[in-house]
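To keep things clear, I will list the structure first and then write my remarks on it.
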Amino acid sequence: MRLTMLRYLSFRSGHGALHLRRPAADTGAPPAPWLPRLRIISGLILFLYASCHFTTHASGILTVTAMEATSSVLLVPWHSWIGQTALYGAFVVHVAIGLHSLYRRRHLRMPVAEAWQLALGLLIPVIVIRHAISVRLGDVLYGLDDSYWRMLSGYWLPEAGINLVLQLLLLVMVWVHGCIGLHRWLRFKSWFRARSHGLLVAATLLPVLAVIGISVAGADIQLRAGTGDPRLAAETAIAPEVLAAAIPRLVGLVELLTFGYVALVAAVLAARLLRDAHARQFRAVRIRYAGHTTSGAGRPEDRVAPEDRVAVVPRGYSVLEASLRARIPHASICGGRGRCSTCRVRILAGGGYLAPPDGVEAVMLHRIGAPADVRLACRIRPIGDVTVLPLIPAGDRAASVAASEPGGPSHGGLVGGAREAVVVALFVDLRASTRLAAERTAYDALYLIERYVDTVTDAIRRTGGRVTGIAGDGVMSVFGGTGATDDIPGTCAAALAAAAAIWDGVDLLSVELRHDLIAPLKIGIGIHLGPSVVGTIGMAEPRPIQFLGDTGNVAARLEAATKDHDCTVVVSDAVIAGIVAGGQGPAAGVMAAVPHRLLDIRGRDGVLPVRLVASRAMLDRLRGVI
Numbered sequence: 001m002r003l004t005m006l007r008y009l010s011f012r013s014g015h016g017a018l019h020l021r022r023p024a025a026d027t028g029a030p031p032a033p034w035l036p037r038l039r040i041i042s043g044l045i046l047f048l049y050a051s052c053h054f055t056t057h058a059s060g061i062l063t064v065t066a067m068e069a070t071s072s073v074l075l076v077p078w079h080s081w082i083g084q085t086a087l088y089g090a091f092v093v094h095v096a097i098g099l100h101s102l103y104r105r106r107h108l109r110m111p112v113a114e115a116w117q118l119a120l121g122l123l124i125p126v127i128v129i130r131h132a133i134s135v136r137l138g139d140v141l142y143g144l145d146d147s148y149w150r151m152l153s154g155y156w157l158p159e160a161g162i163n164l165v166l167q168l169l170l171l172v173m174v175w176v177h178g179c180i181g182l183h184r185w186l187r188f189k190s191w192f193r194a195r196s197h198g199l200l201v202a203a204t205l206l207p208v209l210a211v212i213g214i215s216v217a218g219a220d221i222q223l224r225a226g227t228g229d230p231r232l233a234a235e236t237a238i239a240p241e242v243l244a245a246a247i248p249r250l251v252g253l254v255e256l257l258t259f260g261y262v263a264l265v266a267a268v269l270a271a272r273l274l275r276d277a278h279a280r281q282f283r284a285v286r287i288r289y290a291g292h293t294t295s296g297a298g299r300p301e302d303r304v305a306p307e308d309r310v311a312v313v314p315r316g317y318s319v320l321e322a323s324l325r326a327r328i329p330h331a332s333i334c335g336g337r338g339r340c341s342t343c344r345v346r347i348l349a350g351g352g353y354l355a356p357p358d359g360v361e362a363v364m365l366h367r368i369g370a371p372a373d374v375r376l377a378c379r380i381r382p383i384g385d386v387t388v389l390p391l392i393p394a395g396d397r398a399a400s401v402a403a404s405e406p407g408g409p410s411h412g413g414l415v416g417g418a419r420e421a422v423v424v425a426l427f428v429d430l431r432a433s434t435r436l437a438a439e440r441t442a443y444d445a446l447y448l449i450e451r452y453v454d455t456v457t458d459a460i461r462r463t464g465g466r467v468t469g470i471a472g473d474g475v476m477s478v479f480g481g482t483g484a485t486d487d488i489p490g491t492c493a494a495a496l497a498a499a500a501a502i503w504d505g506v507d508l509l510s511v512e513l514r515h516d517l518i519a520p521l522k523i524g525i526g527i528h529l530g531p532s533v534v535g536t537i538g539m540a541e542p543r544p545i546q547f548l549g550d551t552g553n554v555a556a557r558l559e560a561a562t563k564d565h566d567c568t569v570v571v572s573d574a575v576i577a578g579i580v581a582g583g584q585g586p587a588a589g590v591m592a593a594v595p596h597r598l599l600d601i602r603g604r605d606g607v608l609p610v611r612l613v614a615s616r617a618m619l620d621r622l623r624g625v626i
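The sequence shown maps to residues 1 to 626 in UniProt numbering.
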């Protein structure tokens, strides 16, 4: 039974359901390896500055004086030559890399979150230029004090115009853009997943407090102005001749830099159009897709069938992008990110026009044991005509999906709506099932296994899980992966609740069948949290859900470890951390009483920290319910 289930899981992980999607990040030729890292570093510098700035704004809930005091701690370091160099250098680099990425894209179809990040990234400099010129250059060139007294007066007093609206708009745009970027960078890191709810609260709370602080401090400024407060007059006093000289110059600089930036963006978009037009006319590449005909041995022959299709695309397109452009069905479960091998093709002709496999492709090809003539369609960008043979059929609904946008409706076929998600896998197996079957007739054994499977699957469904596979007495299930976002604490709590419900259900079943059993039924349960690709499979409705990746395999390995360590449940520390991140989990001192082990999981690098649960009461303590 164990061997059967592990083969089943291996099949699901290695050759599981496929999904046809548009490439999610079509960015032309592979970027220089240092560009993504430089983009992250510059973005982190800007996000750190924004966090300091928003914290200072939030202190306005107290008084304007508190804002000044906070500014002297958090913002003064940014006014030093080191801080100024880091800040403005990061801004220029981040904008330049963003424009470079925009130019490299072959099309502008992308996930919604990425589209918002790009749009906000292009709009932010327009408002930042106005803010930076009026505040920093006004201070440097004309001695216009950049204190919060003067800035708040410029936002809240009647003559301020649209300054307040632009400031609040900039605040929201910067924060949303930064948070999207951080989430895309960190979403699959275990420490981030374990703390995601707390970080979400902080990410929501800080800009809200900043807006409240600006509003409270602005009301104070208005009150002071209405009562003729001498301190406000002293803090905001500017000589008329200084204003007369500064305002025209600063306004002119704002208009010049804004026009220059807009012209630069327009030039990048125009360059994209010219590049594509030139490529279509002078540098077109023909990609021929060979048809599948079989020889007597049942293997696809390396020849071109009469009904083959051809995609003519500019040089620089990947083969998968060419399939999309020509509306040729092509399997790709990861959307063209190089994270799977389902888009692989055999190169029948023109291999000399392909660069050798890069790091990502080389690792994936080595992992699947591909021969030298097999490549990933999402990674190869031919510079001359090639002929390829797709090795994974796209399925019956490929044509309809190829013509739809990501996230659009699906109409049956192999996989619909697949997405990357953080899920909890729970695997249950019945101990000594072979002996139980040997002691009974075939029908009696079938009845016993059926009652056991019904008990397990009912417990899983009642606690919010979904059964993804049943092989004899082994039941695999998944929790999470269907919502718009990953509720990691809730998913982990639901999985542990399912383990408790399964344990109770099997104990009750043992009591019910006590006259037919020599000893009570015993089970083993493995639970693990990790990233997977989640989707549905099949043509029938409702289509069963599947999750692909290493998470299910690890859960099965953990269940097998319950025998070696004489316990009922083995749960990875990642699951416990997920519950704790949601404010639940074990009370202080409980974790020390739960045996801790570092397991060497076959097929994984390093060891996996786990907890061994031998009693039902201990499981409830881990859940935080007693």
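Cβ atoms here follow ideal geometry from the backbone N, Cα and C, with glycine treated the same way.
Remember, it's a predicted structure, so these values are computed and weren't measured experimentally.
First and last residue of the uninterrupted beta strand (DSSP E) at residue i
i, result
"Met476", "474 to 479"
"Ala349", "344 to 349"
"Ala614", "Premise fails: Ala614 is in no beta strand (DSSP E) and is neither H nor E."
"Thr468", "466 to 471"
"Thr562", "Unbroken run through Thr562 is the alpha helix (DSSP H), 550 to 564; no beta strand (DSSP E)."
"Ile287", "284 to 289"
"Leu389", "386 to 390"
"Arg309", "309 to 314"
Residue interval of the alpha helix (DSSP H) (run including residue i)
i, result
"Leu515", "One detail in the question is off: residue 515 reads as His in this sequence, not Leu. Careful: His515 lies outside any alpha helix (DSSP H) and carries neither H nor E."
"Ala372", "Here Ala372 belongs to no alpha helix (DSSP H), and DSSP marks it neither H nor E."
"Val625", "Careful: Val625 lies outside any alpha helix (DSSP H) and carries neither H nor E."
"Val569", "Note, Val569: premise wrong, no alpha helix (DSSP H); beta strand (DSSP E) at 569 to 572."
"Met591", "590 to 593"
"Leu199", "196 to 227"
"Ala331", "Taken as a continuous stretch (DSSP letters only), Ala331 belongs to no alpha helix (DSSP H), as it is neither H nor E."
"Ile238", "Segment: none, Ile238 is in no alpha helix (DSSP H) and carries neither H nor E."
"Met151", "148 to 156"
"Gln167", "163 to 186"
"Ala58", "34 to 58"
"Gln84", "81 to 104"
Sequence-distant residues of the same chain with beta carbon closer than 7 Å to residue i, five excluded per side
i, result
"Val607", "Leu598, Leu599, Asp600"
"Gly408", "Unreliable positioning characterises Gly408 in this predicted model, as indicated by a pLDDT of 34, which lies under 50. The coordinate reading is nonetheless provided below. There are no such residues."
"Ala210", "Phe54, His57, Ala58, Leu171"
"Ile470", "Val453"
"Met618", "Val594"
"Pro248", "none"
Whole-angstrom C-beta distance between residue j and residue i, which should lie under 8 Å
i, j, result
"Leu169", "Ile127", "7 Å"
"Val319", "Ala377", "4 Å"
"Val386", "Ala349", "6 Å"
"Leu426", "Ala499", "7 Å"
"Asp473", "Asp429", "6 Å"
"Ile523", "Thr568", "7 Å"
"Phe192", "Leu186", "4 Å"
Beta-bridge pairing of residue i - partner residues as DSSP gives them
i, result
"Leu598", "Pro609"
"Tyr261", "Tyr261 pairs with nothing; no bridge assigned."
"Val424", "Phe479, Leu529"
"Ile523", "Leu430"
"Leu436", "Leu436 pairs with nothing; no bridge assigned."
"Leu376", "Arg344"
Same chain, Cβ closer than 6 Å to residue i, neighbours up to 5 away in sequence not counted
i, result
"Trp156", "Gly218, Ile221, Gln222"
"Thr491", "Val424, Phe479, Gly480"
"Leu166", "Ile127"
Contact check, residue i vs residue j, beta carbons under 8 Å
i, j, result
"Pro207", "Val172", "yes"
"Ile502", "Val456", "yes"
"Gly526", "Val570", "yes"
"residue 631", "Arg339", "It is not possible to answer for residue 631, since the shown part of the chain is limited to 1 through 626."
"Phe47", "Gly178", "yes"
"Val254", "Arg130", "yes"
"Ala86", "Ile40", "no"
"Gly369", "Val285", "no"
"Tyr103", "Ala277", "no"
"Val422", "Ile488", "yes"
"Val93", "Ile124", "no"
"Gly464", "Ala494", "yes"
"Leu232", "Leu137", "no"
8 Å CB neighbourhood of residue i in its chain, flanking five on each side removed
i, result
"Ser51", "Leu206"
"Asp302", "Confidence at Asp302 is low in this model, with a pLDDT of 42, below 50, so the placement of that residue is unreliable and no value is reported for it."
"Leu75", "Cys52, His53, Thr56"
"Leu99", "Leu264, Val265, Val268"
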